[in-house]
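Undergrad: One structure is given below, represented as structure tokens, and several questions about it will come after.
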Amino acid sequence: MTPDVLTLGETMVLFSPDEPGPTKHQQTFKKSLGGAESNVAIALSRLGNDVTWHSTLGADPHGNYINSFVRGEGVDTSTVEFTDDAPTGIMFKERRALGETSVYYYRHGSAASTMTPDDLPADAIAGADYLHLTGITPALSDSCREATLAAVECAREAGTTISFDPNIRHKLWESDEEMRRTLLALVEKSDIVLPGIEEGRTLFDTDAPDEIANACRDRGATIAVVKLGAEGALVDDGEATRVPGYEVERVVDPIGAGDGFAAGFLDGRLRGLDAVEATKRANAVGAFATTVTGDVEGLPTKRELDVFLGEREALHR
Numbered sequence: 003m004t005p006d007v008l009t010l011g012e013t014m015v016l017f018s019p020d021e022p023g024p025t026k027h028q029q030t031f032k033k034s035l036g037g038a039e040s041n042v043a044i045a046l047s048r049l050g051n052d053v054t055w056h057s058t059l060g061a062d063p064h065g066n067y068i069n070s071f072v073r074g075e076g077v078d079t080s081t082v083e084f085t086d087d088a089p090t091g092i093m094f095k096e097r098r099a100l101g102e103t104s105v106y107y108y109r110h111g112s113a114a115s116t117m118t119p120d121d122l123p124a125d126a127i128a129g130a131d132y133l134h135l136t137g138i139t140p141a142l143s144d145s146c147r148e149a150t151l152a153a154v155e156c157a158r159e160a161g162t163t164i165s166f167d168p169n170i171r172h173k174l175w176e177s178d179e180e181m182r183r184t185l186l187a188l189v190e191k192s193d194i195v196l197p198g199i200e201e202g203r204t205l206f207d208t209d210a211p212d213e214i215a216n217a218c219r220d221r222g223a224t225i226a227v228v229k230l231g232a233e234g235a236l237v238d239d240g241e242a243t244r245v246p247g248y249e250v251e252r253v254v255d256p257i258g259a260g261d262g263f264a265a266g267f268l269d270g271r272l273r274g275l276d277a278v279e280a281t282k283r284a285n286a287v288g289a290f291a292t293t294v295t296g297d298v299e300g301l302p303t304k305r306e307l308d309v310f311l312g313e314r315e316a317l318h319r
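Under this note's numbering, the letters of the sequence shown match residues 3 to 319, in that order.
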């Protein structure tokens with residue numbers, strides 16, 4: 003069977019403190035996991051889609067935990083590879099009392115950074131409806147950059163729709179010049195591009211949502227969806243439309259909201275919705291993700307999302 007969506011990238015074990023405060027004073031942590039691409043895969047699976055997540059994990063307890071967790075969420079992990087030559091990455095989250103969140107990564111030389119084009123599940127990519135990528139994977143190593151570009155070419159040859167979230171992580175890149183060159187090349191080869199305002203500023207030197215969307219479409223994207231946080235998003239598929247977000251009474255943890263947004267949009271498209279209606283779904287999934295500590299804990303099921311959207315629509319009738 004071929005998936006609705008295939009995504010690939012690094013997932014790490016995530017340690018979150020039991021209480022807010024500086025990491026150096028923390029004694030107890032909750033173990034979970036986090037990774038942009040697996041977050042998207044889990045979100046899509048909870049919404050009822052067939053999803054494959056590909057990566058390389060260390061042949062260690064952390065790698066086994068990640069594989070079991072992601073597979074337990076209904077995601078196909080049959081193409082995941084394990085290596086004895088590099089460890090699974092880990093990260094620590096820091097929550098401050100005033101709501102700020104920081105993340106400390108220990109991923110240099112990780113198992114995922116050893117991925118190469120030869121590791122790619124080419125048949126699954128070619129058979130998928132969508133290939134979803136982020137700008138994190140090509141930043142991990144030269145071989146990961148080659149693997150990302152090879153996945154894009156495989157998808158383009160097969161007619162698989164490519165979705166790309168720039169998801170910029172400045173610390174992972176050797177230089178801003180290399181980052182811009184690589185990510186802009188991926189924008190040019192993608193059908194759907196999902197930048198935020200900060201990413202638009204970095205890649206296109208503008209904060210204006212409509213200009214960011216135009217820049218993506220000028221470089222070849224069919225649809226550009228610019229994330230605006232609590233304000234919602236601007237979607238442009240030839241006609242630009244502002245789609246308001248959903249109010250969240252208390253934001254607990256904003257990390258993972260962008261991944262939920264991407265999953266919601268792809269889920270909408272898989273269900274035959276137009277770009278605006280898919281963006282409404284994206285806004286809703288992103289809102290859910292902010293309500294719980296952790297990258298995936300707040301992601302909704304299809305039933306939860308449908309009830310939420312139905313209630314909001316009823317309020318505006």
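Positions of the beta carbon are idealized from the N, C-alpha and C atoms, including for glycine.
1) Short check: CB of Thr150 to CB of Asp193, under 7 Å?
2) Could you give the distance in angstroms between the alpha-carbon of Glu306 and the alpha-carbon of Ser40?
3) Name the one or two DSSP bridge partners that Leu35 has.
4) Could you name the residues that DSSP lists as bridge partners for Glu83?
5) Run through DSSP, which three-state label would Leu10 get?
6) I believe Ala264 touches Leu196 by the beta-carbon criterion, under 8 Å. Please report the beta-carbon distance rounded to the nearest angstrom.
7) Where in the region 126 to 180 do unbroken runs of the alpha helix (DSSP H), each at least 4 residues long, occur, reported from the N-terminal end onward?
8) Assuming Val278 is part of the alpha helix (DSSP H), what are its boundary residues?
9) Assuming Glu213 is part of the alpha helix (DSSP H), what are its boundary residues?
10) If you draw a straight line from the alpha carbon of Arg314 to that of Lys304, how long is it in whole angstroms?
11) Taking the beta strand (DSSP E) that Asp238 falls in, what are its first and last residues?
12) Nearest-angstrom Cα distance between Leu188 and Phe166?
13) Put Glu299 into one of helix, strand or coil per three-state DSSP.
14) Tell whether a beta-carbon distance below 7 Å holds between Thr243 and Val278.
15) Within this structure, are the beta carbons of Ile92 and Met14 separated by less than 7 Å?
16) Quick one: what's Gly198 bridged to in DSSP?
17) Please report the Cβ distance between Gly1 and Ala289, rounded to the nearest whole angstrom; I am assuming they are in contact, meaning their Cβ atoms lie under 8 Å.
18) What residues match up with Phe94 in a beta bridge as DSSP calls it?
19) Going by C-alpha to C-alpha distance, which of Asp276, Arg271 and Thr292 sits closest to Val250?
20) Quick check on the DSSP output: the beta strand (DSSP E) that includes Ala223 runs from which residue to which?
21) Could you compute how far the alpha carbon of Arg203 sits from the alpha carbon of Ser104?
22) Under DSSP, the alpha helix (DSSP H) around Arg271 begins and ends at which residues?
23) For the alpha helix (DSSP H) that Val72 lies in, which residues bound it at each end?
24) Count the other CB atoms within 10 Å of the CB of Gly234; is the residue buried (16 or more) or exposed (fewer)?
25) Does Val53 come out as helix, strand or coil in the three-state DSSP assignment?
TA: According to the data block:
1) To locate residue 150, count along the sequence shown from 1; it is residue 148. To locate residue 193, count along the sequence shown from 1; it is residue 191. No; because the gap between Cβ atoms is not below 7 Å, this pair is not in contact.
2) Counting from one through the sequence shown, the residue named residue 306 turns up at place 304. Counting from one through the sequence shown, the residue named residue 40 turns up at place 38. The straight-line gap from Cα to Cα measures roughly 20 Å.
3) Reading the sequence shown from its first residue, position 33 is the one you call residue 35. For Leu35, which the question treats as bridged, DSSP gives the partners Val15.
4) The sequence position of residue 83 within the sequence shown is 81, counting from 1. BP columns for Glu83 point to Thr58.
5) Locating residue 10 in the sequence shown gives position 8, where the first residue counts as 1. In the structure shown, Leu10 sits in a strand (DSSP, three-state: E or B).
6) Along the sequence shown, one-based indexing puts residue 264 at 262. Along the sequence shown, one-based indexing puts residue 196 at 194. Going by Cβ atoms, the distance from Ala264 to Leu196 rounds to 5 Å, so yes, they are a contact pair.
7) 144 to 160
8) The residue you call residue 278 lines up with position 276 of the sequence shown. Segment Ala277 to Ala291, the alpha helix (DSSP H) holding Val278.
9) Along the sequence shown, one-based indexing puts residue 213 at 211. Looking at the DSSP string, the run of the alpha helix (DSSP H) that includes Glu213 is Pro211 to Asp220.
10) Locating residue 314 in the sequence shown gives position 312, where the first residue counts as 1. Locating residue 304 in the sequence shown gives position 302, where the first residue counts as 1. When rounded, the distance between both Cα atoms is 15 Å.
11) The count along the sequence shown starts at 1 and reaches residue 238 at position 236. Taken as a continuous stretch (DSSP letters only), the beta strand (DSSP E) holding Asp238 covers Gly234 to Asp238.
12) Along the sequence shown, one-based indexing puts residue 188 at 186. Along the sequence shown, one-based indexing puts residue 166 at 164. If I take the Cα positions, the gap works out to 8 Å.
13) Locating residue 299 in the sequence shown gives position 297, counting from the first residue. Three-state result, Glu299: coil.
14) Within the sequence shown, residue 243 is the residue found at index 241, counting from 1. Within the sequence shown, residue 278 is the residue found at index 276, counting from 1. A contact, by the Cβ cut-off of 7 Å.
15) As a working note, residue 92 is residue 90 in the sequence shown. As a working note, residue 14 is residue 12 in the sequence shown. Yes, the Cβ-Cβ distance between Ile92 and Met14 is below 7 Å.
16) Position 196 of the sequence shown, counting from 1, holds the residue named residue 198. Bridge partners of Gly198: Lys229.
17) The chain is shown only over 3 to 319; residue 1 falls outside these bounds and no answer can be derived.
18) Position 92 of the sequence shown holds residue 94. According to DSSP, which records beta bridges pairwise, Phe94 is partnered with Phe17 and Tyr106.
19) For this step, residue 250 is matched to residue 248 along the sequence shown. Of the listed residues, the one whose Cα sits closest to Val250 is Thr292.
20) Position 221 of the sequence shown, counted from the start, is the residue given in the question as residue 223. Run containing Ala223: none; DSSP gives neither H nor E here.
21) Within the sequence shown, residue 203 is the residue found at index 201, counting from 1. Within the sequence shown, residue 104 is the residue found at index 102, counting from 1. Cα to Cα, Arg203 sits roughly 21 Å from Ser104.
22) Position 269 of the sequence shown holds residue 271. Run containing Arg271: Ala259 to Leu272, per the alpha helix (DSSP H) assignment.
23) Working through the sequence shown from its first residue, we reach residue 72 at position 70. Per DSSP, Val72 is one residue of the alpha helix (DSSP H) stretching across Pro63 to Gly74.
24) Numbered from 1 along the sequence shown, position 232 holds the residue referred to as residue 234. Result: buried.
25) Position 51 of the sequence shown, counted from the first residue, corresponds to residue 53. Correct three-state label for Val53: strand.
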